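*Asks:* My questions all concern the structure below.
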Amino acid sequence: MSVSVNALGKVTVRAPLRATQKDIERFVATHEQWIEKKKSTAKESGVRLPQNGLVGYKLLLFGNEYELHLHAQARVVVDEGNKRLYLPETNAEKRLICWLKDNALRICKQAVEQWAKRMGGCPASVSVTSARSFWGICTAKNELRFSYRLLYVPKAVFEYVIVHELAHIRYKNHSRAFWNEVAKFQPNWKEKRAYLKAHALLMRVF
Ligand SMILES: [Zn+2]
């Protein structure tokens, strides 16, 4: 048997088919301290700001850390194998932000299109912004705007923000009806919302 706790503090126990409910309960009980510790770590944000320059800073991309490095090339390169992100030596920070915005726009547009098919509702436009005051927003004219810093959060949390803003096309408030609509597509929206609250410092990263 094994137990794991994800970034959202969700606990998963894997057990063989032959294990009884009692076996599982006993297993969880003996790991209770470890589970609680992991859950509280997941809750603490642990977000670090890039205070000592870019190089060596671990940037989160969909919840995974990528170490920033410079290189002589003119483009941004992701090294998936070594979990590194290479930036051009000149204007590195500017180039990083451009790269984040380009990718955020592309990925947000894709996600909006996919979720809109399931949820209904058609946004007037989708754009990304550098605003630090919100993760996503739906204007009165149904224009959706998303912070490019949404690229830092786990994909599941990212999807929740997309669903949240799309639901605002029908409900321009946070009424019970609105949350019911969100829950239809994101049953565990509460933990994702809690994640965003706990990681508000990510809004200060670039
Ligand atoms: Zn809202």
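Following our numbering, the numbering of the sequence shown begins with 233 at its first residue and continues without gaps. Every residue, glycine too, gets a C-beta built ideally from N, C-alpha and C. Nothing here was measured: the structure is a model prediction, and the numbers come from that model.
To the nearest angstrom, how far is it from the Cα of N374 to the Cα of V393?
*Replies:* One-based indexing of the sequence shown puts residue 374 at position 142. One-based indexing of the sequence shown puts residue 393 at position 161. Approximately 15 Å between the Cα atoms of the pair.
*Asks:* Shortest alpha-carbon distance to H303 belongs to which of G285, A324 and E297?
*Replies:* Walking along the sequence shown from the start, residue 303 turns up at place 71. Of G285, A324 and E297, the residue nearest in Cα terms is A324.
*Asks:* Buried or exposed: S379, going by 16 or more other Cβ atoms within 10 Å of its Cβ?
*Replies:* Counting from one through the sequence shown, the residue named residue 379 turns up at place 147. Classification for S379: buried.
*Asks:* Runs of 3 residues minimum, wholly inside the stretch 366-416: which ones carry the beta strand (DSSP E) assignment?
*Replies:* Runs of the beta strand (DSSP E) inside the stretch 366-416: 368-370 and 375-379.
*Asks:* Spell out the partners DSSP gives E297 in its beta bridges.
*Replies:* The residue given as residue 297 occupies position 65 in the sequence shown. Per DSSP, L292.
*Asks:* Tell me whether T244 sits in a helix, a strand or coil according to DSSP, three-state version.
*Replies:* Here residue 244 refers to the residue found at position 12 when the sequence shown is read from its first residue. T244: strand per DSSP, three-state reduction.
*Asks:* So the candidates are P386, K387 and L398; which of them puts its Cα closest to the Cα of I369?
*Replies:* Reading the sequence shown from its first residue, position 137 is the one you call residue 369. The option with the nearest alpha carbon to I369 is L398.
*Asks:* State yes or no: is the C-beta of V243 within less than 9 Å of the C-beta of S236?
*Replies:* For the purposes of this step, residue 243 is taken as residue 11 along the sequence shown, with counting starting at 1. For the purposes of this step, residue 236 is taken as residue 4 along the sequence shown, with counting starting at 1. Yes.
*Asks:* DSSP on R316, reduced to helix/strand/coil?
*Replies:* The residue labelled residue 316 in the question sits at position 84 within the sequence shown. Strand at R316.
*Asks:* With distances taken from CA atoms, which of L328, A430, Y289 and E391 is nearest A343?
*Replies:* Numbered from 1 along the sequence shown, position 111 holds the residue referred to as residue 343. Considering only alpha carbons, the answer is E391.
*Asks:* Please report the straight-line C-alpha distance between P282 and A430, rounded to a whole angstrom.
*Replies:* Here residue 282 corresponds to residue number 50 of the sequence shown, with the count starting at 1. Here residue 430 corresponds to residue number 198 of the sequence shown, with the count starting at 1. Those two C-alpha atoms are separated by around 18 Å.
*Asks:* Of all the options L328, D311 and G313, which has the alpha carbon lying nearest to the alpha carbon of L319?
*Replies:* As a working note, residue 319 is residue 87 in the sequence shown. Measuring from the Cα of L319, the nearest candidate turns out to be L328.
*Asks:* Run the proximity test for E397: is its beta-carbon closer than 8 Å to any non-hydrogen atom belonging to ligand 1?
*Replies:* Here residue 397 corresponds to residue number 165 of the sequence shown, with the count starting at 1. Because some heavy atom of ligand 1 lies under 8 Å away, the Cβ of E397 counts as near it: yes.
*Asks:* Excluding five sequence neighbours on each side, which residues of the same chain lie with their C-beta closer than 8 Å to the C-beta of L286?
*Replies:* Translated into the one-based positions of the sequence shown, residue 286 becomes position 54. These residues qualify, in order along the chain: L300, L302, L319, A324, E325 and L328.
*Asks:* Is the beta carbon of C370 within less than 8 Å of some heavy atom of ligand 1?
*Replies:* Taking the first residue of the sequence shown as 1, we reach residue 370 at position 138. It does: the Cβ of C370 is within 8 Å (strictly closer) of some heavy atom of ligand 1.
*Asks:* Count the other C-beta atoms from every protein chain shown that fall within 10 angstroms of the C-beta of C340, then say buried if there are 16 or more, exposed otherwise.
*Replies:* Within the sequence shown, the letter at position 108 stands for residue 340. By the 10 Å Cβ count, C340 comes out buried.
*Asks:* Could you pull the start and end residues of the beta strand (DSSP E) that V308 belongs to?
*Replies:* Within the sequence shown, the letter at position 76 stands for residue 308. Counting along the chain, V308 falls outside any beta strand (DSSP E), and DSSP gives it neither H nor E.
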